[in-house]
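**Q** First, the structure itself, so that you have it in front of you.
2 protein chains.
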Amino acid sequence: MALATKKIPSAKLRSAAFKRVRADHSAELAGDYVEMIADLIDERGEARCTDIAMRLGVANATVVKTLKRLQAAELITQEPYRAIFLTVEGWKMAEDGRRKHAIVEKFLLALGVSQETARIDSEGIEHHVSTETLRAMGKFLARNGS
Amino acid sequence: MALATKKIPSAKLRSAAFKRVRADHSAELAGDYVEMIADLIDERGEARCTDIAMRLGVANATVVKTLKRLQAAELITQEPYRAIFLTVEGWKMAEDGRRKHAIVEKFLLALGVSQETARIDSEGIEHHVSTETLRAMGKFLARNGS
DNA sequence: TTGAAAGTTTAGCATAGGCTAAGTTATATG
DNA sequence: CATATAACTTAGCCTATGCTAAACTTTCAA
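Chains as they are written, first to last, in this note's numbering: chain A, 1 to 146; chain B, 1001 to 1146.
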């Protein structure tokens, strides 16, 4: 198997990217939830299950289940039949997400895509952008546009 | 409930973005697999289970299970203990993925990020980029850099 | 040609993230 | 203040994606 000799080292490098993508995905949902909870609290003083479900486009029961995980991860606090609150850690994550989101969305707009596309694509891209890329986007924004 | 009156229409718009992200995610794995199978076939004439597992950084059994789904989706063909092949549909998806991937990676490089970061981030971003954004990236590449 | 190594598959488990249906609690209003 | 409605929770189901361990094929070399 002559072919196999060079496949081990390059494969290790390659697999790192996919591992990062998988890790990003599991962090993604938590990020979306806390960001949305933060928005709801800012907009209307409290975050309720139903509002989250509506905005995410999922069933109520799905939200309940996910909130349990977020509570276990100490990102939110919650009492039965009451509104949802963010822990300090949760706020930190929400702020971080908002910052990233804003940069990516503005960047896409500066690149020339429509408002609607910027909004939709940034939602997906946000969680896969490294600090380095985010910084590069920031620099681009400083030069061009806002 | 004055607050609730304006939440339905805006929520519908918002939820569309998250629905797109969820849809992207379920298509993502299939895309990564067929792209990798295409690469392996080009590089060494055939795609084997083990090579895919190594490059993705997952266990062999995981690959086997996923390949079953890809076979059900008619993206690949496969006989027990033999190499894996792409269907016409599979090749189409692989080519499409490669094209997208190349543009996103080149774009990140042109934006000024390092080779390594471009490689890693493009892997995650690739699946969340709309046609419109891809075109904007292409235009940017035509102006600046390659 | 046979047996060990390499590769592939199966079985069985876990978690995440969806869903519907049915039950429980809060609240707003008649 | 009683009750209908809205909000929340629980139970139970499903699929996708990961894992390990064990069983089965292929292949290569002695």
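All C-beta atoms in this analysis are idealised placements derived from N, C-alpha and C, irrespective of residue type, glycine included.
Is it the case that the region 42–59 of chain A contacts the region 112–125 of chain A, given that we only count it when at least three CB pairs across the two stretches are under 8 Å?
**A** Contact fails: fewer than three Cβ-Cβ distances are below 8 Å.
**Q** Are at least three pairs of beta-carbons, each pair with one atom in the region 121–136 of chain A and one in the region 92–102 of chain A, less than 8 Å apart?
**A** With a cut-off of 8 Å, the region 92–102 of chain A and the region 121–136 of chain A count as touching, because enough Cβ pairs lie within range.
**Q** List the endpoints of the continuous beta strand (DSSP E) containing Thr-1077(B).
**A** Walking along the second sequence from the start, residue 1077(B) turns up at place 77. Taken as a continuous stretch (DSSP letters only), the beta strand (DSSP E) holding Thr-1077(B) covers 1076–1078.
**Q** Measuring CB atoms only, is the region 104–111 of chain A touching the region 62–71 of chain A, in the sense that at least three cross pairs come out at less than 8 Å?
**A** Touching, no.
**Q** Going by C-alpha to C-alpha distance, which of Val-104(A), Asp-121(A), Ser-122(A) and Ala-38(A) sits closest to Leu-141(A)?
**A** The residue labelled residue 141(A) in the question sits at position 141 within the first sequence. Ranking Val-104(A), Asp-121(A), Ser-122(A) and Ala-38(A) by Cα distance to Leu-141(A) puts Val-104(A) first.
**Q** If distances are taken between C-alpha atoms only, which option among Ile-1037(B), Thr-1077(B), Leu-1013(B) and Ala-1053(B) comes closest to Lys-19(A)?
**A** Reading the first sequence from its first residue, position 19 is the one you call residue 19(A). Per the Cα distances, Ala-1053(B).
**Q** Which of the three DSSP states, helix, strand or coil, is assigned to Ala-110(A)?
**A** Residue mapping note: residue 110(A) aligns to position 110 of the first sequence, counting from 1. In the structure shown, Ala-110(A) sits in a helix (DSSP, three-state: H, G or I).
**Q** By DSSP, does Ala-1047(B) sit in helix, in strand, or in coil?
**A** Translated into positions along the second sequence, residue 1047(B) becomes position 47. In the structure shown, Ala-1047(B) sits in a strand (DSSP, three-state: E or B).
**Q** Whose CA, out of Arg-135(A), Met-93(A) and Asn-144(A), lies closest to the CA of Glu-35(A)?
**A** What you label residue 35(A) is simply residue 35 of the first sequence in a count that begins at 1. Of the candidates Arg-135(A), Met-93(A) and Asn-144(A), the one whose C-alpha sits nearest the C-alpha of Glu-35(A) is Met-93(A).
**Q** Applying the 10 Å Cβ sphere with the 16-neighbour rule, what's the burial state of Arg-1044(B)?
**A** By 1-based counting over the second sequence, the position of residue 1044(B) is 44. Label assigned to Arg-1044(B): exposed.
**Q** Label Ala-47(A) either buried or exposed according to how many other C-beta atoms from any shown protein chain fall within 10 Å of its C-beta, with 16 as the threshold for buried.
**A** Residue 47(A) sits at position 47 when you count from the first residue of the first sequence. Ala-47(A) is buried by the Cβ-count criterion.
**Q** For Glu-74(A) and chain B, any beta-carbon pair shorter than 8 Å?
**A** In the first sequence, counting from the first residue as 1, residue 74(A) sits at position 74. With 8 Å as the cut-off, Glu-74(A) does not count as an interface residue toward chain B.
**Q** Give me the chain B residues within the contact set of Leu-111(A), using Cβ-Cβ distance strictly less than 8 Å, ordered along the chain.
**A** Numbered from its first residue, the first sequence carries residue 111(A) at position 111. Neighbours of Leu-111(A) on chain B, chain order: Thr-1133, Ala-1136, Met-1137 and Phe-1140.
**Q** Say whether chain A places a C-beta atom closer than 8 Å to the C-beta of Thr-1066(B).
**A** Along the second sequence, read from residue 1 onward, the residue named residue 1066(B) stands at position 66. So, not an interface residue.
**Q** State buried or exposed for Leu-1013(B), treating a residue as buried only when at least 16 other CB atoms are found within 10 Å of its CB.
**A** Residue mapping note: residue 1013(B) aligns to position 13 of the second sequence, counting from 1. Exposed, because fewer than 16 other Cβ atoms sit within 10 Å of the Cβ of Leu-1013(B).
**Q** Distance check for Leu-1134(B) and Leu-29(A), CA to CA, integer angstroms please.
**A** Along the first sequence, read from residue 1 onward, the residue named residue 29(A) stands at position 29. Along the second sequence, read from residue 1 onward, the residue named residue 1134(B) stands at position 134. The alpha-carbon atoms of Leu-29(A) and Leu-1134(B) are separated by roughly 25 Å.
**Q** By the DSSP assignment, the alpha helix (DSSP H) with Glu-123(A) in it spans what residues?
**A** Stepping through the first sequence from its first residue, residue 123(A) is reached at position 123. Element bounds for Glu-123(A): 115–125.
**Q** Give a yes or no on whether 8 Å exceeds the smallest Cβ distance from Leu-1070(B) to chain A.
**A** Taking the first residue of the second sequence as 1, we reach residue 1070(B) at position 70. Taking Cβ atoms only, chain A never reaches closer than 8 Å to Leu-1070(B), which makes this a no.
**Q** Between Lys-226(A) and chain B, is any beta-carbon pair separated by less than 8 Å?
**A** Residue 226(A) lies beyond the residue range present for chain A, which begins at 1 and ends at 146; the question has no answer from this structure.
**Q** Can you pull the chain B residues whose beta carbon is under 9 Å from the beta carbon of Arg-143(A), in chain order?
**A** Here residue 143(A) refers to the residue found at position 143 of the first sequence. Result: empty, since nearest Cβ-Cβ is about 11 Å, beyond 9 Å.
**Q** My parser needs the beta strand (DSSP E) runs of 3 or more residues fully inside the region 52–92 of chain A; what are they?
**A** For the region 52–92 of chain A, whole beta strand (DSSP E) runs of length 3 or above, ordered along the chain, are 76–78 and 84–86.
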